[in-house]
Amino acid sequence: MFWPALTEEAVSKRVFSCLEKNINFRDNILLGIPGTHLDERVFPLEDLVRDKPFLSSFVANPNHIGMHTDGDSEVFFNGTHQLEVEAIQLCAQEIMRAKAGEYNGYIASGGTEANIQGIWQLRNYFQHKYKCSLAEIAIIHSVDTHYSVYKAGNLLSLKTLPIDVHFETREMDISCFELALKKAKEQGVKYFIFFANMGTTMFGSVDEISTFTPFLEKYGDDYWIHIDGAFGGFIYPFTHLESKMNFSHPKVSSITMDAHKMLQAPYGTGIFLSRKIFSDFTFTDKASYVKGNDSTLCGSRSGANAISVWMILNSYGSQGGIEFCQELIERTDFLCYCLDKIKVKYFRNPYMNIVTIPADQISEDMARKYHLVFDRVEKPQWFKVVVMDHVKVEHIDAFIDAIC
Ligand SMILES: *Cc1c(COP(=O)(O)O)cnc(C)c1O
129 MFWPALTEEA
139 VSKRVFSCLE
149 KNINFRDNIL
159 LGIPGTHLDE
169 RVFPLEDLVR
179 DKPFLSSFVA
189 NPNHIGMHTD
199 GDSEVFFNGT
209 HQLEVEAIQL
219 CAQEIMRAKA
229 GEYNGYIASG
239 GTEANIQGIW
249 QLRNYFQHKY
259 KCSLAEIAII
269 HSVDTHYSVY
279 KAGNLLSLKT
289 LPIDVHFETR
299 EMDISCFELA
309 LKKAKEQGVK
319 YFIFFANMGT
329 TMFGSVDEIS
339 TFTPFLEKYG
349 DDYWIHIDGA
359 FGGFIYPFTH
369 LESKMNFSHP
379 KVSSITMDAH
389 KMLQAPYGTG
399 IFLSRKIFSD
409 FTFTDKASYV
419 KGNDSTLCGS
429 RSGANAISVW
439 MILNSYGSQG
449 GIEFCQELIE
459 RTDFLCYCLD
469 KIKVKYFRNP
479 YMNIVTIPAD
489 QISEDMARKY
499 HLVFDRVEKP
509 QWFKVVVMDH
519 VKVEHIDAFI
529 DAIC
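The number in the numbering used here is simply the position in the sequence shown, starting from 1, with 128 added.
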């Protein structure tokens with residue numbers, strides 16, 4: 129993994145030069161586009177944002193509809209599409225180890241959309257390749273998986289097979305995993321979508337795919353893996369450089385990363401990455417008014433979000449990213465060290481910045497006072513701490529003082 133850090137000036141210069149390559153709404157006669165700059169009566173920002181690249185992108189309001197990593201796309205916003213292409217390239221090639229020319233991707237609205245997109249294209253792939261029915265496809269995943277997997281199952285009419293985990297390790301029970309595959313096979317399921325977590329929302333736990341693939345080989349006629357790195361995508365690959373939770377694994381078809389979580393981009397910014405051979409299966413040639421057509425779920429979307437990802441990645445560089453994540457890991461280590469000292473139990477993946485405490489270990493009042501996240505509203509079993517950038521050592525100290 130390597131890309132250089134650019135100076136603030138270089139980042140700004142590049143963004144403005146790409147914005148200038150777009151056909152802008154003010155200086156051209158654009159009679160046919162159903163879009164324009166931000167409403168200037170309500171948002172009179174022009175003068176304020178003049179030398180600020182992200183805010184200028186926001187006001188200029190380019191539309192990034194479609195997928196830009198491959199084939200044609202809308203010419204009006206070519207300039208900033210290029211920044212999206214470069215942001216996707218860094219995520220796919222440098223962070224997620226895809227080979228040049230063998231991936232596609234786009235900046236999605238968030239992790240939910242990217243997860244649905246990953247399952248959608250696999251569903252269509254199986255249907256196309258094997259002429260199978262929906263009943264012959266199932267999604268297998270741990271019970272700790274984000275609820276977007278159930279949205280995907282519901283929208284795409286696919287059954288979901290949630291697998292129990294061990295209470296303490298949060299690892300899927302292997303015999304439950306095997307039994308679920310066996311039962312599904314007996315009921316006629318032939319094709320499996322393994323929805324693997326690279327950092328669950330509540331625990332930061334990671335489903336090591338190599339533990340489960342032998343069973344998928346055994347019971348499935350075919351299977352592919354979607355990795356949900358919505359939370360972990362911008363920390364786990366930086367703290368665990370040897371990880372195989374990426375495209376270096378030959379059965380990984382797609383990966384979700386959220387830029388609006390660990391990358392600190394504005395909300396509405398997820399990332400979808402796909403092995404190239406799969407992205408055609410959501411392609412619709414009915415999007416006849418969009419140049420290059422469209423294989424994404426969402427349609428029109430803000431180019432400013434893509435530009436924010438490009439800016440953040442290039443401002444830090446890979447080394448800056450590694451150092452940023454390392455710093456969070458050290459603070460998380462410190463929290464765990466303090467919890468050990470006062471004999472409070474917890475779950476933590478050592479490469480992640482999430483610490484999850486069983487509800488019987490600390491009082492609910494304290495969990496509320498320090499705004500920990502509960503695994504459920506009624507009768508919680510777990511409270512979660514996420515060591516984000518704003519969680520400093522003095523906050524951890526205050527929390528530990530309060531609970532001991
Ligand atoms: C947050 C999260 C999602 C959903 O992402 P949104 O961006 O909120 O749609 C999916 N999976 C995991 C593991 C998450 O943490």
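Every residue, glycine too, gets a C-beta built ideally from N, C-alpha and C.
Quick caveat: nothing in here was measured; it's all calculated off a predicted structure.
C-beta contact flag for residue 396 and residue 192 at 8 Å = Residue 192 sits away from residue 396, with the two beta carbons spaced by 8 Å or more.
Cβ-heavy atom distance, residue 229 to ligand 3, below 7 Å | For ligand 3, the structure offers nothing, since it holds only ligand 1.
Please report how far the alpha carbon of residue 565 lies from the alpha carbon of residue 304, in whole angstroms.
-> Since the first residue shown for the chain is 129 and the last is 532, residue 565 is missing from the structure and cannot be characterised.
Three or more C-beta pairs closer than 8 Å, one from the segment 223–236 and one from the segment 160–168: is that the case here?
-> The segment 223–236 and the segment 160–168 do not touch, with fewer than 3 CB-CB distances between them shorter than 8 Å.
Collapsed DSSP secondary structure at residue 386 in the structure displayed = Residue 386: strand per DSSP, three-state reduction.
Reduced DSSP category for residue 328 - H, G, I as helix; E, B as strand; rest coil | Of the three classes helix, strand and coil, the one that applies to residue 328 here is coil, per DSSP.
Evaluate residue 374 with the Cβ neighbour count: other Cβ atoms within 10 Å of its Cβ, from every protein chain shown; 16 or more gives buried, anything less gives exposed.
-> It is buried - the Cβ of residue 374 has at least 16 other Cβ atoms within 10 Å.
What whole-angstrom Cβ distance do residue 366 and residue 389 have, given they're in contact under 8 Å?
-> Their Cβ separation, rounded to whole angstroms, is 14 Å, which puts residue 366 and residue 389 out of contact at 8 Å.
Quick one: measure Cβ to Cβ for residue 276 and residue 240, integer angstroms, because I've assumed they're closer than 8 Å.
-> About 4 Å; that satisfies the 8 Å criterion.
In terms of alpha-carbon separation, which member of 468, 148, 223 lies closest to residue 445?
-> Checked all of 468, 148, 223; the closest Cα to residue 445 is 223.
If you run the structure through DSSP and keep just helix, strand and coil, what is residue 494?
-> If DSSP states are grouped into helix, strand and coil, residue 494 belongs with the helices.
Flag this pair as yes or no: are the beta carbons of residue 512 and residue 521 separated by less than 8 Å?
-> For residue 512 and residue 521, no; Cβs fall outside 8 Å.
Going by DSSP, what residues sit across from residue 231 in a beta bridge?
-> Per DSSP, 403.
Coarse secondary structure for residue 131, derived from DSSP in three states = If DSSP states are grouped into helix, strand and coil, residue 131 belongs with coil.
Beta carbon of residue 242, beta carbon of residue 341: below 8 Å?
-> No, Cβ-Cβ distance for residue 242 and residue 341 is not below 8 Å.
Proximity test, residue 243 beta-carbon vs ligand 1 heavy atom, cut-off 7 Å | Remark: the shortest separation between the CB of residue 243 and any heavy atom of ligand 1 falls under 7 Å.
Spatial distance of residue 568 from residue 380 (CA atoms) = The shown model of the chain, from 129 to 532, leaves out residue 568, and the question about it has no answer.
Please check the pair residue 245 and residue 236, which I expect to be a contact at CB under 8 Å, by giving their CB distance rounded to whole angstroms.
-> Right, the Cβ-Cβ distance comes to about 7 Å (below 8 Å), so this counts as a contact.
Beta-carbon contacts of residue 228 that lie in its chain and below 8 Å, excluding the five residues immediately before and after = Counting only Cβ-Cβ distances below 8 Å, and skipping sequence neighbours, we find 221.
Less than 8 Å separating the beta-carbons of residue 262 and residue 286?
-> Contact flag set, yes.
For the candidate residues 517, 491, 519, 162, whose alpha-carbon lies nearest to that of residue 507?
-> Considering only alpha carbons, the answer is 491.
In chain order, which alpha helix (DSSP H) runs of at least 4 residues are fully inside the segment 204–272?
-> Entirely contained in the segment 204–272, the alpha helix (DSSP H) runs reaching 4 residues are, in chain order, 206–217, 239–258.
Over what stretch of residues does the alpha helix (DSSP H) that includes residue 313 continue unbroken?
-> Counting along the chain, the unbroken alpha helix (DSSP H) around residue 313 starts and ends at 302–314.
Hey, quick one: how far does the alpha helix (DSSP H) through residue 177 stretch, first residue to last?
-> Looking at the DSSP string, the run of the alpha helix (DSSP H) that includes residue 177 is 174–177.
Would you call the segment 336–355 and the segment 311–322 in contact, with 3 or more CB pairs under 8 Å?
-> Between the segment 336–355 and the segment 311–322, the count of Cβ pairs shorter than 8 Å is three or higher; the stretches touch.
Hey, quick one: how far does the beta strand (DSSP E) through residue 486 stretch, first residue to last?
-> For residue 486, the uninterrupted beta strand (DSSP E) run begins and ends at 482–486, by DSSP.
Where do the N-terminal and C-terminal ends of the alpha helix (DSSP H) with residue 511 fall, by residue?
-> Where residue 511 is concerned, there is no enclosing alpha helix (DSSP H), although the beta strand (DSSP E) around it starts and stops at 510–514.
Using the beta-carbon count (16 or more within 10 Å), is residue 479 buried or exposed?
-> That one is buried.
Sorry if obvious, but does the Cβ on residue 333 come closer than 7 Å to a heavy atom of ligand 1?
-> The answer is no for residue 333.
Is it right to say residue 137 is buried, meaning 16 or more other beta carbons lie within 10 angstroms of its own, or is it exposed?
-> By the neighbour-count definition (other C-beta atoms within 10 Å, threshold 16), residue 137 is an exposed residue.
Take the Cβ of residue 539 as the centre, count every other Cβ of all protein chains shown within 10 Å, and call the residue buried at 16 or more, exposed below.
-> The question about residue 539 has no answer, for the chain in this structure spans 129 to 532.
What residues in its chain sit with their C-beta under 8 Å from that of residue 425, if we drop five residues either side in the sequence?
-> The answer, listed in chain order, is 236, 241, 244, 245, 248, 410.
Indicate whether the contact test is met: 3 or more Cβ pairs, each with one atom in the segment 180–199 and one in the segment 148–157, closer than 8 Å.
-> They touch, by the three-pair rule.
Tell whether a beta-carbon distance below 8 Å holds between residue 514 and residue 482.
-> Between residue 514 and residue 482, the C-beta gap is smaller than 8 Å, which places the two residues in contact.
Are there 16 or more other CB atoms within 10 angstroms of the CB of residue 196, so buried, or fewer, so exposed?
-> Under a 10 Å Cβ-count criterion, residue 196 is classified as buried, with 16 or more other Cβ atoms of the shown protein chains found around its own Cβ.
Could you give the DSSP three-state label for residue 353: helix, strand or coil?
-> In the three-state scheme derived from DSSP, where H, G and I count as helix and E and B as strand, residue 353 is classed as strand.
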